[in-house]
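S.K.: So the sequences go chain by chain: A and B.
Numbered by this note's numbering, the letters in the first sequence go through residues 49 to 353 in order.
Numbered by this note's numbering, the letters in the second sequence go through residues 45 to 575 in order.
The beta-carbon is built from N, C-alpha and C at its ideal position, and this holds for glycine as well.
Here's a structure for you.
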Amino acid sequence: MLLYVLRRFASAVPTLFVIVTIAFFMLRLAPGGPFDLERPIDPLIIENLKRAFNMDKPLPQQYMLYLWNLLHGDLGPSFTRRDFTVNDLFRFGLPVSVQIGGTAIAIALVFGTVLGSLAALRQNSWVDYSVVGVATFGITIPPFVVAPILSLIFGVYFGWLPAGGWGAPGSMVLPVATLALPQMAIVARLTRGATIEVLRSNHIRTARAYGLPSWVVLYVHTLRASILPVVSYLGPTAAALMTGSVVVETIFGIPGIGRYFVQGALGRDYTLVMGTVVVIAVFVVVFNLIVDILYAYLDPRVRYD
Amino acid sequence: MLKNMLKATVFATTFAMGGGYMASAALAEVVYNRGNDTDPTTLDHHKTSTVAEGHIMRDLYEGLVVQDNKANVVPGVAEKWEISDDGLKYTFHLRPDAKWSNGDPVTAEDFVFAYQRVQDPKVAAPYANMLYPMVNAEAINKGEKKPEELGVKAVDDKTLEISLSSPTPYLLELLTHQISYPLHKASVEKFGEEYTKPGNLVTNGAFMLEAFTPNDKIVMKKNPNFHDAANVKIDTVNFIPFEDRANCLRRFEAGEVQSCSDLAYEQLSYMKEKMADQVHIVPKLGTYYLPVKVKKEKLADPRVRQAISMVIDRDFLANEIWKGAMQPAYSLVPPGISNYDNPVFLDYKDKDILDREDEAKKLLEEAGVKEGQLSVELRYNTSVNHKNTMTAVADMLKSVGINSTLVEMEGTGYFDYMKQDGDFDMTRAGWIGDYSDPQNFLFLFESQNLGFNYPRWSNADYDAAMKKAGETVDLNERAAILRQAEEIFLKEMPAIPVMYYASGNLVSAKLKGWEDNIMDVHGSRYLSIEN
Numbered sequence: 049m050l051l052y053v054l055r056r057f058a059s060a061v062p063t064l065f066v067i068v069t070i071a072f073f074m075l076r077l078a079p080g081g082p083f084d085l086e087r088p089i090d091p092l093i094i095e096n097l098k099r100a101f102n103m104d105k106p107l108p109q110q111y112m113l114y115l116w117n118l119l120h121g122d123l124g125p126s127f128t129r130r131d132f133t134v135n136d137l138f139r140f141g142l143p144v145s146v147q148i149g150g151t152a153i154a155i156a157l158v159f160g161t162v163l164g165s166l167a168a169l170r171q172n173s174w175v176d177y178s179v180v181g182v183a184t185f186g187i188t189i190p191p192f193v194v195a196p197i198l199s200l201i202f203g204v205y206f207g208w209l210p211a212g213g214w215g216a217p218g219s220m221v222l223p224v225a226t227l228a229l230p231q232m233a234i235v236a237r238l239t240r241g242a243t244i245e246v247l248r249s250n251h252i253r254t255a256r257a258y259g260l261p262s263w264v265v266l267y268v269h270t271l272r273a274s275i276l277p278v279v280s281y282l283g284p285t286a287a288a289l290m291t292g293s294v295v296v297e298t299i300f301g302i303p304g305i306g307r308y309f310v311q312g313a314l315g316r317d318y319t320l321v322m323g324t325v326v327v328i329a330v331f332v333v334v335f336n337l338i339v340d341i342l343y344a345y346l347d348p349r350v351r352y353d
Numbered sequence: 045m046l047k048n049m050l051k052a053t054v055f056a057t058t059f060a061m062g063g064g065y066m067a068s069a070a071l072a073e074v075v076y077n078r079g080n081d082t083d084p085t086t087l088d089h090h091k092t093s094t095v096a097e098g099h100i101m102r103d104l105y106e107g108l109v110v111q112d113n114k115a116n117v118v119p120g121v122a123e124k125w126e127i128s129d130d131g132l133k134y135t136f137h138l139r140p141d142a143k144w145s146n147g148d149p150v151t152a153e154d155f156v157f158a159y160q161r162v163q164d165p166k167v168a169a170p171y172a173n174m175l176y177p178m179v180n181a182e183a184i185n186k187g188e189k190k191p192e193e194l195g196v197k198a199v200d201d202k203t204l205e206i207s208l209s210s211p212t213p214y215l216l217e218l219l220t221h222q223i224s225y226p227l228h229k230a231s232v233e234k235f236g237e238e239y240t241k242p243g244n245l246v247t248n249g250a251f252m253l254e255a256f257t258p259n260d261k262i263v264m265k266k267n268p269n270f271h272d273a274a275n276v277k278i279d280t281v282n283f284i285p286f287e288d289r290a291n292c293l294r295r296f297e298a299g300e301v302q303s304c305s306d307l308a309y310e311q312l313s314y315m316k317e318k319m320a321d322q323v324h325i326v327p328k329l330g331t332y333y334l335p336v337k338v339k340k341e342k343l344a345d346p347r348v349r350q351a352i353s354m355v356i357d358r359d360f361l362a363n364e365i366w367k368g369a370m371q372p373a374y375s376l377v378p379p380g381i382s383n384y385d386n387p388v389f390l391d392y393k394d395k396d397i398l399d400r401e402d403e404a405k406k407l408l409e410e411a412g413v414k415e416g417q418l419s420v421e422l423r424y425n426t427s428v429n430h431k432n433t434m435t436a437v438a439d440m441l442k443s444v445g446i447n448s449t450l451v452e453m454e455g456t457g458y459f460d461y462m463k464q465d466g467d468f469d470m471t472r473a474g475w476i477g478d479y480s481d482p483q484n485f486l487f488l489f490e491s492q493n494l495g496f497n498y499p500r501w502s503n504a505d506y507d508a509a510m511k512k513a514g515e516t517v518d519l520n521e522r523a524a525i526l527r528q529a530e531e532i533f534l535k536e537m538p539a540i541p542v543m544y545y546a547s548g549n550l551v552s553a554k555l556k557g558w559e560d561n562i563m564d565v566h567g568s569r570y571l572s573i574e575n
């Protein structure tokens with residue numbers, strides 16, 4: 049197992065290298081640069097700025113310089129936020145995004161599997177119909193609609209929770225709810241589908257024939273198998289949620305890293321976009337690895353030798 | 045957070061009074077949550093340029109002169125000054141009680157240091173050219189001379205002498221801009237690039253930096269060493285960046301912020317209905333115009349450009365497309381600007397649009413353009429309002445038989461394209477004045493100004509007038525020359541002015557001392573919060 053993990057990590061390095069290289073050159077293909085603002089800057093001063101950011105050097109040299117710094121864990125200075133290095137920005141933003149995304153994933157996982165299992169056990173009853181109904185609703189309403197509505201109802205009209213911002217007590221509730229809602233819906237549907245299938249499978253029938261108590265059949269044998277599709281879905285989703293949601297962060301004004309991606313891309317903040325790409329890539333690689341390991345644990349047919 | 049703070053305050057006050065004690069003013073911390081457009085690029089004011097950055101810097105620093113809450117230029121660190129007869133030398137006398145947030149006195153040397161640094165090519169200050177009127181500034185910025193050769197001298201600790209290469213009647217306006225604020229020499233030299241960090245940053249304004257969390261807020265505390273601290277009523281200012289204007293509106297409604305620096309215009313009617321007096325929309329020092337590539341054969345004739353301008357119904361654009369967030373414009377220089385009496389306007393300003401269409405048809409005929417023969421491309425950067433504006437313009441052009449196609453470009457590439465002399469017919473652009481003087485608008489179209497002159501228009505008379513105005517000390521005489529320049533511009537029409545910008549703010553009824561003004565400046569030191 050340990051060998052497998054090490055091998056997977058080793059194979060992640062070339063993957064990251066390819067991602068970084070493609071992202072670096074694609075960024076430079078986009079028209080304009082970090083110093084082309086709506087209000088043009090004097091050409092002479094642009095020369096000064098380019099020199100200050102090593103932008104006057106040939107592109108291959110800039111690329112080598114970036115790779116070298118990246119190997120040393122230095123993501124470079126931000127072009128649009130000059131008081132911060134890209135490392136600084138992630139030090140501020142990543143904990144916030146991970147906190148919100150992680151909580152949302154946890155809520156989605158717990159409530160989603162419970163609701164999904166309930167619906168499967170009471171298939172075609174009112175429980176099932178309401179879970180499926182709510183889940184469909186949760187999937188179809190996009191976060192950019194849910195977020196302002198939640199903010200209006202709980203922040204503006206009732207004043208129970210902050211309408212936006214970060215740091216005040218309760219400021220996490222609405223953004224987490226917005227993020228968790230659709231994920232919970234998806235998890236519930238996945239769990240429901242898988243559970244219905246597993247309940248009809250041979251090994252469950254065998255377990256029941258052995259006369260095992262129904263809770264053992266349900267929690268030990270059924271859940272273990274029916275949660276597999278949820279696990280494979282949650283891997284990449286957790287990576288996506290923990291690296292920040294642009295919509296939720298913008299609408300609630302939350303200082304996570306999701307906004308950096310868009311702000312960086314629009315402002316041609318090359319280093320900031322590259323930094324975001326690297327962080328997201330690392331999260332995706334790590335979470336895929338976690339999923340694979342969990343698979344080995346949950347599914348006796350999977351072995352990594 | 046504010047709510048809790050207020051509750052705590054009320055509780056503390058009631059408790060103190062109930063117990064028969066004197067309610068201490070110090071208990072009631074006054075917090076102003078101030079919505080801003082975005083985060084600053086940096087807190088190094090030499091590297092800033094935007095309006096949002098200006099709001100922050102105005103609270104942190106005080107220049108030689110400052111803008112009061114009505115945007116009038118009033119003494120700041122300098123209590124008085126003399127101007128030489130030829131207008132080339134300004135001598136400023138600094139107030140004796142001007143202090144930095146760490147208690148050090150503000151000296152003339154701090155200004156010399158700051159002004160030399162702005163021009164240092166290594167600093168790469170985007171707005172260094174604003175201070176080019178100072179002797180040798182441009183040469184220093186180009187690396188041809190040393191910073192020490194700048195025409196700014198500290199005669200003694202409290203006397204500063206600024207020498208100019210040509211009379212610049214708007215110098216005081218320039219000195220109110222954030223680029224002209226001083227720097228605490230000792231801490232900049234000590235911390236280098238890190239001097240802007242909380243804990244390192246030493247400022248001389250009404251407030252000082254406490255914390256800066258990107259995308260969250262900038263926290264400022266009242267500066268006890270500020271010379272006018274007795275009149276500063278707010279203890280803490282939180283500058284909160286709102287890219288999503290609707291988010292600011294919601295937090296304003298929830299009482300979490302006391303002002304928003306921009307409006308969610310798509311909800312303007314809702315805001316006007318619900319918050320009537322708290323919605324402030326006033327003209328701003330800015331013009332929205334349509335550059336026309338004059339070297340294109342089909343657009344080379346000024347009569348064609350004039351005809352296009354005539355049929356553009358500015359009232360419709362301002363009131364219907366922009367929902368009153370803009371005002372119809374018939375000149376490049378917005379009205380209400382300083383140093384510019386009797387501004388000039390296009391002569392068809394008050395004419396009926398139908399008469400203007402007839403006149404435009406006649407002009408096109410004279411220029412030999414037949415109906416349906418001319419086809420122009422209207423290019424704009426991604427934005428619903430720009431798109432709607434150009435769509436409406438296309439429709440207006442159709443009324444005189446000019447066909448048009450719309451082309452949309454994403455923002456960053458768009459401005460680069462225009463600057464690089466891209467092959468466009470007509471585009472859109474906007475300019476917000478940095479200081480209240482007509483020169484700040486007219487210089488955009490000087491022929492050698494390649495960064496701003498998108499039409500690549502070149503007119504010897506215009507350039508000559510601008511040069512002459514730059515050498516004229518007498519303000520009335522200078523205004524007359526600048527008027528001539530604008531008349532040439534409006535006759536030749538290399539860019540069609542269509543709207544003046546307006547500033548939109550949400551201002552809580554509890555926030556006192558707010559005065560609407562053309563520069564949209566509102567120093568927090570002049571504001572107070574009433575409960």
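#1: Need the endpoints of the beta strand (DSSP E) that B/L329 sits in, please.
#2: Report the residue from A/P108, A/M322, A/T243 whose alpha carbon sits nearest the alpha carbon of A/G164.
#3: Name the DSSP bridge partner or partners of B/C304?
#4: Starting from the beta carbon of A/I93, find every residue of chain B whose beta carbon is closer than 9 Å, and list them in chain order.
#5: Any C-beta of chain B within less than 8 Å: which residues of the stretch 191–219 of chain A qualify?
#6: I'd like the list of long-range same chain contacts for B/A69, defined as Cβ closer than 7 Å, with 5 residues on each side in sequence excluded.
#7: Decide if B/W366 is buried, meaning its Cβ has at least 16 other Cβ atoms within 10 Å, or exposed.
#8: Using the beta-carbon count (16 or more within 10 Å), is B/K328 buried or exposed?
#9: DSSP state of B/E106, grouped into three classes?
#10: Taking the alpha-carbon positions, what's the A/A257 to A/R272 distance?
#11: Classify A/P106 as buried or exposed, calling it buried when 16 or more other Cβ atoms lie within 10 Å of its own Cβ.
#12: In this structure, what does DSSP give as the bridge partners for B/Q111?
#13: Can you grab the Cα-Cα spacing for the pair A/V20 / A/S173, in whole Å?
#14: According to DSSP, simplified to helix, strand and coil, what is B/R522?
#15: Give the residues of chain A in contact with B/E300, contact being defined as C-beta atoms less than 9 Å apart.
#16: For the stretch 234–284 of chain A, which segments carrying the alpha helix (DSSP H) assignment without a break, of at least 4 residues, lie completely within its bounds, in sequence order?
#17: Which residues does DSSP list as the beta-bridge partners of B/R527?
#18: Please state whether DSSP places B/V179 in a helix, a strand or coil.
#19: Could you pull out every residue in the same chain whose Cβ sits closer than 7 Å to the Cβ of B/V542, ignoring the five residues on either side in sequence?
#20: Just the Cα atoms here: how many angstroms apart are B/Y570 and B/D507?
#21: Taking the Cβ atom as the reference point for each residue, do B/L87 and A/D131 lie within a distance shorter than 9 Å?
#22: Would you say the stretch 290–308 of chain A touches the stretch 181–199 of chain A, given that touching needs at least three Cβ pairs under 8 Å?
#23: Starting from the C-beta of B/V156, find all residues in its chain whose C-beta is less than 6 Å away, skip the five residues before and the five after it, and write them out in chain order.
#24: Quick one: list the residues of chain B neighbouring A/P375, beta-carbon separation under 7 Å, in chain order.
#25: For B/I284, go through chain C and note every residue whose CB falls closer than 8 Å to its CB, in chain order.
#26: What are the residues that DSSP puts in a beta bridge with B/Q371?
#27: Leaving out five residues before and five after B/Y65 in sequence, what residues of the same chain have Cβ atoms less than 8 Å from its Cβ?
#28: Please go through the same chain and pick out, in chain order, the residues whose beta-carbon is closer than 6 Å to the beta-carbon of B/G567, but skip the five residues on each side of it.
#29: Tell me the residue span of the beta strand (DSSP E) that contains B/P285.
#30: Return no unless some Cβ of chain A is closer than 9 Å to the Cβ of B/K190.
#31: Apply the 10 Å Cβ neighbour rule to A/Q171 and answer buried if 16 or more other Cβ atoms are within range, or exposed otherwise.
#32: Quick check on DSSP: helix, strand or coil for B/G63?
#33: For a quick check, are the C-beta atoms of B/P378 and B/Y545 less than 9 Å apart?
#34: DSSP has B/H137 in a bridge; who is on the other side?
#35: Pull up the CB-CB distance for B/E217 and B/Y479, whole angstroms please, since I reckon it's below 8 Å.
#36: Any beta carbon of chain A sitting closer than 9 Å to that of B/K261?
M.R.: If we stick to the structure as given:
#1: Taking the second sequence and counting its residues from 1, the one referred to as residue 329 of chain B is at position 285. 323–335 is the extent of the beta strand (DSSP E) around B/L329.
#2: Position 116 of the first sequence, counted from the first residue, corresponds to residue 164 of chain A. Nearest option by C-alpha distance: A/T243.
#3: Locating residue 304 of chain B in the second sequence gives position 260, counting from the first residue. For B/C304, which the question treats as bridged, DSSP gives the partners B/L550.
#4: Along the first sequence, one-based indexing puts residue 93 of chain A at 45. Within 9 Å Cβ-Cβ: P165, A168, A169, P170, Y171, A172, N173, N185.
#5: P196, S199, L200, G203, V204, G207, P210, A211, G212, G213, W214, G215, A216, P217
#6: Here residue 69 of chain B is taken as the residue at index 25 of the second sequence, counted from 1. With a pLDDT of only 45 at B/A69, under the threshold of 50, the placement of this residue in the model should not be trusted, and no figure is reported.
#7: On the second sequence, residue 366 of chain B is found 322 positions in, with the first residue counted as 1. Buried.
#8: Reading the second sequence from its first residue, position 284 is the one you call residue 328 of chain B. Residue burial annotation: B/K328 is buried, with at least 16 other C-beta atoms found within 10 angstroms of its C-beta.
#9: Position 62 of the second sequence, counted from the start, is the residue given in the question as residue 106 of chain B. B/E106: coil per DSSP, three-state reduction.
#10: As a first step, residue 257 of chain A must be located in the first sequence, where it is residue number 209. As a first step, residue 272 of chain A must be located in the first sequence, where it is residue number 224. Each residue's Cα considered, the two are about 19 Å apart.
#11: Within the first sequence, the letter at position 58 stands for residue 106 of chain A. When all chains shown are included, A/P106 counts as exposed.
#12: By one-based count along the second sequence, residue 111 of chain B stands at place 67. DSSP output for B/Q111 lists B/V117 as bridge partner(s).
#13: Any property of residue 20 of chain A remains undetermined from this structure, which presents chain A solely from 49 to 353.
#14: On the second sequence, residue 522 of chain B is found 478 positions in, with the first residue counted as 1. Reduced to three states, the DSSP call for B/R522 is helix.
#15: Reading the second sequence from its first residue, position 256 is the one you call residue 300 of chain B. Here the neighbours are G203, P210, A211, G212, G213, A216.
#16: 250–257, 271–274
#17: Within the second sequence, residue 527 of chain B is the residue found at index 483, counting from 1. By DSSP's assignment, B/R527 forms no beta bridge with any residue.
#18: In the second sequence, counting from the first residue as 1, residue 179 of chain B sits at position 135. When secondary structure is reduced to three states using DSSP, B/V179 falls in the coil class, being assigned neither helix nor strand.
#19: If you number the second sequence from 1, residue 542 of chain B lands on position 498. Y332, Y333, L334, I356, R358, L361, A373.
#20: Within the second sequence, numbered from 1, the residue matching residue 570 of chain B stands at position 526. Within the second sequence, numbered from 1, the residue matching residue 507 of chain B stands at position 463. Roughly 41 Å separates the two Cα atoms.
#21: By one-based count along the second sequence, residue 87 of chain B stands at place 43. By one-based count along the first sequence, residue 131 of chain A stands at place 83. Result yes, Cβ atoms of B/L87 and A/D131 sit closer than 9 Å.
#22: yes
#23: Numbered from 1 along the second sequence, position 112 holds the residue referred to as residue 156 of chain B. V196, A198, listed in sequence order.
#24: Residue coverage of chain A in this structure runs from 49 to 353, which leaves residue 375 of chain A outside it and unanswerable.
#25: Here chain C cannot be found, since the structure's protein chains are A and B.
#26: Here the question's residue 371 of chain B lines up with position 327 in the second sequence. Looking at the DSSP assignment, B/Q371 forms a beta bridge with B/Y544.
#27: Your numbering for residue 65 of chain B matches position 21 in the second sequence. Note that B/Y65 scores 38 on pLDDT, short of 50, meaning its location in the model is unreliable and no value can be drawn from it.
#28: Here residue 567 of chain B refers to the residue found at position 523 of the second sequence. Around B/G567: R102.
#29: Residue 285 of chain B sits at position 241 when you count from the first residue of the second sequence. Counting along the chain, the beta strand (DSSP E) containing B/P285 begins and ends at 280–285.
#30: Within the second sequence, numbered from 1, the residue matching residue 190 of chain B stands at position 146. No, B/K190 lies away from the interface with chain A (no Cβ there is under 9 Å from its Cβ).
#31: Along the first sequence, read from residue 1 onward, the residue named residue 171 of chain A stands at position 123. Exposed, because fewer than 16 other Cβ atoms sit within 10 Å of the Cβ of A/Q171.
#32: Taking the second sequence and counting its residues from 1, one reaches residue 63 of chain B at position 19. Per-residue confidence for B/G63 stands at a pLDDT of 36, beneath the threshold of 50, marking its modelled position as unreliable; the derived number appears in the next sentence. Correct three-state label for B/G63: coil.
#33: Here residue 378 of chain B refers to the residue found at position 334 of the second sequence. Here residue 545 of chain B refers to the residue found at position 501 of the second sequence. The answer is yes: Cβ separation under 9 Å.
#34: By one-based count along the second sequence, residue 137 of chain B stands at place 93. Its beta-bridge partners are B/K124, B/T203.
#35: As a position in the second sequence, residue 217 of chain B is number 173, starting the count at 1. As a position in the second sequence, residue 479 of chain B is number 435, starting the count at 1. Right, the Cβ-Cβ distance comes to about 4 Å (below 8 Å), so this counts as a contact.
#36: For the purposes of this step, residue 261 of chain B is taken as the residue at position 217 of the second sequence. For B/K261, the nearest CB of chain A lies under 9 Å from its own CB, placing it at the interface with that chain.
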